[in-house]
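Chemist: Please read through the structure below; I'll follow up with questions.
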Amino acid sequence: MQPRQRMAHPRQRGFVLVLGLWAAVIVLLLAGMLDSHVDARLEQARLIRLRIQDELDMLSTRNTLLYLLGTQRYTRAGLTTTAPGETQPDSTQDELRIDPIGGEIALDGSAYRGLGEVRFSLQDESGLIALNSESQVDLQRLLQVFDADEARVSRLLDALADYRDSNSLRRLDGAEAPEYAALSEPPPGNSALRSAVEITRVLGWREWLFARPGFRVHDWLSALRVAAFNPNVMPESLLAHLPGMDAEKAARIVALRREEPFRALPDFDMRTDVQLVWAEDQYRFFPSDTLQLRTWRQGASHANLLALQLTPLSQNGPWQITSSYRIRQGSQDDAHEAPSYLFSTRSMPAP
30 MQPRQRMAHP RQRGFVLVLG LWAAVIVLLL AGMLDSHVDA RLEQARLIRL
80 RIQDELDMLS TRNTLLYLLG TQRYTRAGLT TTAPGETQPD STQDELRIDP
130 IGGEIALDGS AYRGLGEVRF SLQDESGLIA LNSESQVDLQ RLLQVFDADE
180 ARVSRLLDAL ADYRDSNSLR RLDGAEAPEY AALSEPPPGN SALRSAVEIT
230 RVLGWREWLF ARPGFRVHDW LSALRVAAFN PNVMPESLLA HLPGMDAEKA
280 ARIVALRREE PFRALPDFDM RTDVQLVWAE DQYRFFPSDT LQLRTWRQGA
330 SHANLLALQL TPLSQNGPWQ ITSSYRIRQG SQDDAHEAPS YLFSTRSMPA
380 P
């Protein structure tokens, strides 16, 4: 006689069904969470990989330019970019040839494409306003374009002069250590500014600049000690803000120098028909040995800036870095193409 099989109560069967459904839901939730976690990790890894690649591209672009600065030469048009194996006529007299040969990288702050998404520019500092010059006339003229208050401009200039000099004597509208201490500010450096960004430490300048966002410290000012005017390398934005100039005149000067860089003052006067306020001995038409190298990622709000001095005869190397820092970077979407062999991984010569 077979034992009777006990039938499951309907309530028990319902409980098992609900339990199974809950288990399936939990499994699905765990699977979804795991899938989201994996996706997030993959996206994080992708962003890290892109950031590392950007850093490598930035470093490679910078090092390529430093190599060019140490091995190539200047013409009136900028830095030459002769390809490996390419020769120029009369190469033994290269150092005496200053006329453009084509393919130069301009030294007026124009943006160029580097490796990947990297952009770069070279700016000769002889095209900028010198903060450490004994004469403050050039800086005064530029300030007056942005501020008609002569007394306020005078205070800025005197504060800068007191910041630079080594004594503790205060100029009429200047500031020395007691004035800085009264405002809980660090004392003045009592030496030449090491970079343009240091101007924000001079009493009164930070507030003045904050109220005038159109004044472009990093694009217009330098820590040079000698005031000069080089129309072949001055940024277009600075040209447009010189006394007697405007955007149209500045654009015309830039177009003329791209077609044929200016040779001398008579050539500049004849071709531009622009009367500027610089003394004749301040004009320069050949690049100097001090410049700024900027690198940034396309669309980025900040750039890396290296201030350099070329020292081709020095035992310590063909160039010296005088300062390095990050700056805010405006839009530079209209980047020029650099010579293709410089930043092409396919055509880059093997080491």
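Heads up: the sequence shown begins at 30 in my numbering, then just goes up one per residue. The beta-carbon is built from N, C-alpha and C at its ideal position, and this holds for glycine as well. These figures come from a predicted structure and were not determined experimentally.
For the alpha helix (DSSP H) that residue 171 lies in, which residues bound it at each end?
Modeler: Locating residue 171 in the sequence shown gives position 142, where the first residue counts as 1. Note, residue 171: alpha helix (DSSP H), 166-175.
Chemist: For residue 154 versus residue 320, is the C-beta distance shorter than 9 Å?
Modeler: For the purposes of this step, residue 154 is identified with residue 125 of the sequence shown, where counting begins at 1. For the purposes of this step, residue 320 is identified with residue 291 of the sequence shown, where counting begins at 1. The answer is yes: Cβ separation under 9 Å.
Chemist: Quick one: what does DSSP say residue 111 is sitting in, helix, strand or coil?
Modeler: Your numbering for residue 111 matches position 82 in the sequence shown. Residue 111: coil per DSSP, three-state reduction.
Chemist: Is the CB-CB distance between residue 151 and residue 186 below 9 Å?
Modeler: On the sequence shown, position 122 is the one that residue 151 refers to. On the sequence shown, position 157 is the one that residue 186 refers to. Result no, Cβ atoms of residue 151 and residue 186 do not sit closer than 9 Å.
Chemist: Per DSSP, residue 147 is paired with what?
Modeler: The residue labelled residue 147 in the question sits at position 118 within the sequence shown. DSSP, once it has assigned bridges, lists 326 as partnering residue 147.
Chemist: Looking at the strands, I want to know which residues DSSP matches up with residue 331.
Modeler: Residue numbering aside, residue 331 sits at position 302 when the sequence shown is read from its first letter. 357.
Chemist: Would you call residue 324 buried or exposed, if buried means 16 or more other Cβ atoms sit within 10 Å of its Cβ?
Modeler: The residue given as residue 324 occupies position 295 in the sequence shown. Label assigned to residue 324: buried.
Chemist: On the CB-based measure, 16 or more other CB atoms within 10 Å of its CB, does residue 223 come out buried or exposed?
Modeler: Stepping through the sequence shown from its first residue, residue 223 is reached at position 194. Flag for residue 223 reads exposed.
Chemist: If I follow the unbroken alpha helix (DSSP H) through residue 190, where does it start and stop?
Modeler: Residue 190 sits at position 161 when you count from the first residue of the sequence shown. Taken as a continuous stretch (DSSP letters only), the alpha helix (DSSP H) holding residue 190 covers 179-193.
Chemist: Mark residue 19 as exposed unless 16 or more other C-beta atoms lie within 10 angstroms of its C-beta, in which case mark it buried.
Modeler: Since the first and last residues shown for the chain are 30 and 380, residue 19 lies out of range.
Chemist: Helix, strand or coil, according to DSSP, for residue 366 in the structure here?
Modeler: Within the sequence shown, the letter at position 337 stands for residue 366. Strand at residue 366.
Chemist: Just the C-alpha distance for residue 302 and residue 230, rounded to the nearest angstrom, thanks.
Modeler: Looking up residue 302 in the sequence shown gives position 273. Looking up residue 230 in the sequence shown gives position 201. Residue 302 and residue 230: Cα-Cα distance of roughly 39 Å.
Chemist: Helix, strand or coil, according to DSSP, for residue 120 in the structure here?
Modeler: Looking up residue 120 in the sequence shown gives position 91. Its pLDDT being 49, under 50, residue 120 is placed unreliably by the model, and the measurement read from it follows with that caveat. Residue state, collapsed to three classes: helix.
Chemist: Short check: CB of residue 385 to CB of residue 352, under 9 Å?
Modeler: This structure does not reach residue 385, given that the chain is present from 30 up to 380, and the question cannot be answered.
Chemist: Ignore the nearest five residues each way along the sequence and tell me which others in residue 121's own chain have a CB closer than 6 Å to its CB.
Modeler: As a working mapping, residue 121 is identified with position 92 in the sequence shown. A caution first: residue 121 carries a pLDDT of 46, below 50, which makes its placement in the model unreliable, though a value can still be read off. Same-chain partners within the cutoff: there are none.
Chemist: Is the distance from the Cβ of residue 339 to the Cβ of residue 350 below 9 Å?
Modeler: Numbered from its first residue, the sequence shown carries residue 339 at position 310. Numbered from its first residue, the sequence shown carries residue 350 at position 321. Residue 339 places its beta carbon 9 Å or farther from that of residue 350.
Chemist: Quick one: Cα of residue 258 to Cα of residue 147, how far?
Modeler: Counting from one through the sequence shown, the residue named residue 258 turns up at place 229. Counting from one through the sequence shown, the residue named residue 147 turns up at place 118. Using only the alpha carbons, I get a separation of about 30 Å.
Chemist: One question on the structure: do residue 247 and residue 334 come within less than 9 Å of each other, judged by their Cβ atoms?
Modeler: As a position in the sequence shown, residue 247 is number 218, starting the count at 1. As a position in the sequence shown, residue 334 is number 305, starting the count at 1. Taking 9 Å as the cut-off, the Cβ atoms of residue 247 and residue 334 count as close.
Chemist: Give the list of continuous alpha helix (DSSP H) stretches no shorter than 4 residues that lie fully inside the segment 221-282.
Modeler: 234-239, 246-249, 265-268
Chemist: Contact between the segment 135-146 and the segment 81-98 is defined here as three or more beta-carbon pairs at a separation below 8 Å; is this criterion met?
Modeler: Yes, since at least three Cβ pairs between the segment 135-146 and the segment 81-98 fall closer than 8 Å, the two stretches touch.
Chemist: Going by DSSP, what residue range makes up the alpha helix (DSSP H) through residue 309?
Modeler: Mapped onto the sequence shown, residue 309 falls at position 280. Counting along the chain, residue 309 falls outside any alpha helix (DSSP H), and DSSP gives it neither H nor E.
Chemist: Does DSSP classify residue 142 as helix, strand or coil?
Modeler: Within the sequence shown, the letter at position 113 stands for residue 142. Residue 142 falls in the strand class under three-state DSSP.
Chemist: Candidates 268, 226, 308: which alpha carbon is nearest residue 161's?
Modeler: Numbered from its first residue, the sequence shown carries residue 161 at position 132. Nearest C-alpha to residue 161: 226.
Chemist: Cα separation between residue 271 and residue 263?
Modeler: Indexing the sequence shown from 1 puts residue 271 at position 242. Indexing the sequence shown from 1 puts residue 263 at position 234. Each residue's Cα considered, the two are about 11 Å apart.
Chemist: Using the three-state DSSP reduction, which class does residue 71 fall into: helix, strand or coil?
Modeler: Translated into positions along the sequence shown, residue 71 becomes position 42. Here residue 71 sits in helix by DSSP.
Chemist: By the three-class DSSP mapping on this structure, what secondary structure does residue 152 have?
Modeler: Within the sequence shown, the letter at position 123 stands for residue 152. Looking at residue 152 - three-state DSSP - the assignment turns out to be strand.
Chemist: Quick one: grab the DSSP three-state call for residue 338.
Modeler: Translated into the one-based positions of the sequence shown, residue 338 becomes position 309. In this structure, residue 338 counts as strand in the three-state DSSP scheme.
Chemist: Quick one: what does DSSP say residue 83 is sitting in, helix, strand or coil?
Modeler: For the purposes of this step, residue 83 is identified with residue 54 of the sequence shown, where counting begins at 1. Residue state, collapsed to three classes: helix.
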